[in-house]
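In full-length UniProt numbering, the protein residues as written are 1 to 168. These notes are about the structure you will find just below.
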């Protein structure tokens with residue numbers, strides 16, 4: 001939903017190839033330290049092993065900058081760990097898929113077990129909720145509509161339905 005309106009730039013803590021737990025390989029376009037907040041509309045933090053982010057000070061800093069400029073800050077699965085380390089969960093609800101008891105940076109009283117939690121410019125999601133997370137981001141940027149939301153939620157494919165009607 002975003003690809004026709006926004007250019008997606010991937011950033012890594014380094015410029016090394018990132019391999020997800022499912023084997024998906026992503027080559028970052030830039031390093032996080034090279035990112036300039038004024039050039040982007042938001043930041044999305046994927047899941048992964050939260051231990052990899054323990055000392056990612058450049059990432060925590062840029063997350064705070066996006067938040068201070070009231071730009072989108074979104075994270076899924078273990079990604080909210082970076083938002084917690086950046087200090088964004090003080091006084092707001094969030095969700096995450098990690099053993100948050102291991103990390104004192106998570107205010108347990110604000111944890112909500114829901115697929116997606118939205119608060120102002122912050123969106124967090126459980127790892128299994130990647131479709132609702134994507135729709136929440138598209139809605140934030142006002143590019144979601146009923147047809148593409150229904151399609152991604154498995155509720156219909158208007159293009160296919162039209163083709164089938166024409167074929168009959």
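Think of the CB as a built atom: it goes at the ideal place given N, C-alpha and C, for glycine as much as any other residue.
Inset, instruction - Going by DSSP, name the residue or residues bridged to residue 119. - result: DSSP, once it has assigned bridges, lists 122 as partnering residue 119.
Inset, instruction - Identify whether residue 75 lies in helix, strand or coil by the three-state DSSP scheme. - result: If DSSP states are grouped into helix, strand and coil, residue 75 belongs with the strands.
Inset, instruction - Spatial neighbours of residue 112 within its chain, please: CB distance less than 6 Å, with the 5 preceding and 5 following residues excluded, ordered by chain position. - result: 93 and 95
Legend entry - Cβ neighbour criterion (16 or more within 10 Å) applied to residue 26: exposed
Inset, instruction - Tell me, please, whether the region 4-11 touches the region 31-40 by the rule of three or more beta-carbon pairs shorter than 8 Å. - result: Output reads yes: the region 31-40 touches the region 4-11.
Inset, instruction - Report all residues from its chain with a CB closer than 8 Å to the CB of residue 127; omit the five preceding and five following residues, and keep chain order. - result: 47, 76, 77, 78 and 97
Legend entry - Span separating the alpha-carbon of residue 153 from that of residue 105: Looking at the two C-alpha atoms, the distance is approximately 33 Å.
Legend entry - Segment limits, alpha helix (DSSP H) that includes residue 62: 57-68
Legend entry - residue 130 versus 17, 149 and 86, residue with shortest Cα-Cα distance: For residue 130, the closest of 17, 149 and 86 by C-alpha to C-alpha distance is 149.
Legend entry - Cβ-based burial, residue 117 [other Cβ within 10 Å; buried from 16]: buried
Inset, instruction - Have a look at 54, 86, 81 and 3 and flag the residue whose alpha-carbon is nearest the alpha-carbon of residue 68. - result: 86
Inset, instruction - Give the range of the alpha helix (DSSP H) segment to which residue 163 is assigned. - result: 158-167
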